[in-house]
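Number of protein chains: 2
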Amino acid sequence: MSGSGAPTASLPADDPTGLQTFAVLLRRMNGEFNRIAQEFAQEQGLHLTDVQALIAILDADSDPDAGGEPMTPGRLRKQLNLTSGAVTACLDRLERAGHIRRVRDAGDRRVVHLHYADTARAVARDYFRPLARSTDAARGRFSPDELDVVVRFLAEMNAELVLLRRGSA
Amino acid sequence: MSGSGAPTASLPADDPTGLQTFAVLLRRMNGEFNRIAQEFAQEQGLHLTDVQALIAILDADSDPDAGGEPMTPGRLRKQLNLTSGAVTACLDRLERAGHIRRVRDAGDRRVVHLHYADTARAVARDYFRPLARSTDAARGRFSPDELDVVVRFLAEMNAELVLLRRGSA
DNA sequence: TAAAGTATCTCAATCATTGAGAGATACTAG
DNA sequence: CTAGTATCTCTCAATGATTGAGATACTTTA
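Taken in sequence, the protein lines are chains A and B. If you're matching positions, the first sequence starts at 252 in this note's numbering and goes up one per residue. If you're matching positions, the second sequence starts at 252 in this note's numbering and goes up one per residue.
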């Protein structure tokens, strides 16, 4: 239990479903995800910023549902809290490395649409396959009803986090 | 509108507890957490790296259980994938800003222990209070049994992610 | 004690980020 | 239609974080 590498070590034992437990678990998970993203970045000769941008572009691009439109430099600027120059530099790197394409919008020619390149999509899928397997391994230990609970929780959590966007700034 | 509008938009409707759903929800949550961390960083005149370091130091410092010892520059280097120079610079910034203290280990005088300063702890607690409230709001919508399921899932997920540290590198 | 190993720091070179401003395109009112 | 204003992206010099080889100090092993 108290053994060093044990992943479940050091949860507050007094209240195993309390706020503290959630804080610790969520913070750790976030850290692990960021570490994996960092590794991917280094392997691809990118920066963490670039990977975050890539993910945002991927989500917008493959979720036409979400915002309707593909990602643009302006949206990326807000989403990642970058300055205009940083966005341009980041997109330059991503485009030069073949991960994305810039496409002028036909309707509003000031706007640039960002598309994930298919080859890069395959690279990312390959790299993150172990992560997908891990997620599946965890999922496999729960019943359909339990998974439904988890999905509902994650969705509720995301909803709360989105509300926080305006609230405390 | 980044991930804007309805937070539950664009989940794969065909398999509401499938891998894709988890991937989308976890990725989004990660993005939101990182955005919040970025905002905290900017407000404190820090960088995202500094905040990640701060969190790692906090976790090690307040969880003597986990690794036994407080954080050190060396462990930080591995955990955040930084070079030695970057760690030193990052710690210089954090120490100069009063967030941490460097303390030479009495036993092994090569080692530096990193401690979270109490005043900084209070600053962080204040800043992240809304996040805590959000987490509590989400928790409040589930029964104790359901919360137990969620905690178990998060713990399983973390365990898998830790395994991934050696496995696929 | 000497040699090898480990933890941290130093510093010049490199390169991402900042932030003001330019250029191009769209909208709106007269 | 035209002028004026707003929006989107990009440019570029200055700033400053990160790199990475090497220095320094300490510990352990032979």
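By construction, the Cβ of each residue, glycine as well, lies at the ideal position given by its N, Cα and C atoms. Quick caveat: nothing in here was measured; it's all calculated off a predicted structure.
In the structure shown, what three-state DSSP assignment does R352/A receive?
Strand, per DSSP.
Determine the contact status of E411/A and A388/B, defining contact as a CB-CB distance below 7 Å.
Their beta carbons are under 7 Å apart, which means E411/A touches A388/B by this criterion.
Taking Cβ positions only, does L342/B come closer than 7 Å to chain A?
Chain A, which has no Cβ nearer than 7 Å to the Cβ of L342/B, makes this no.
CB-CB under 8 Å to T334/A, same chain, minus the five flanking residues each way: which ones, in chain order?
Taken in chain order, the residues that qualify are R328.
Please report the straight-line C-alpha distance between L277/A and E283/A, rounded to a whole angstrom.
Using only the alpha carbons, I get a separation of about 10 Å.
In terms of alpha-carbon separation, which member of H366/A, A348/A, R347/A, A383/A lies closest to E320/A?
Comparing Cα positions, the closest option is H366/A.
Going by other Cβ atoms of all chains shown within 10 Å of its Cβ, with 16 needed for buried, is D356/A buried or exposed?
Exposed: under 16 other Cβ atoms inside 10 Å.
For T268/B, which residues of its own chain have a beta-carbon under 7 Å away from its beta-carbon, when the five flanking residues on both sides are left out?
Within the same chain, T268/B has no close Cβ partners at all.
Using a C-beta cutoff of 7 Å, does D377/B count as contacting chain A?
False, the Cβ-Cβ gap to chain A never drops below 7 Å.
Residues in the stretch 271-289 of chain A with C-beta within 9 Å of chain B's C-beta atoms, listed in sequence order?
Those would be T272, F273, A274, V275, L276, L277, R278, R279, M280, N281, G282, E283, F284, N285, R286, I287, A288, Q289, in chain order.
Can you round the beta-carbon distance between T323/A and V354/A to whole angstroms, since I take them to be within the 8 Å contact cut?
Incorrect: roughly 10 Å between the Cβ atoms, too far for contact.
Between I351/A and the rest of its own chain, which residues show a CB-CB distance below 8 Å, the 5 nearest in sequence each way excluded?
Excluding residues within five positions, the ones whose Cβ falls inside 8 Å are L305, I308, L342, L345, L365, H366, Y367, A368, A371.
Pull up the DSSP beta-bridge partners for H366/A, would you.
In the DSSP output, where bridge partners are listed per residue, H366/A has R352/A.
Can you give me the start and stop residues for the alpha helix (DSSP H) that S313/B sits inside?
Unbroken alpha helix (DSSP H) run through S313/B: 299-313.
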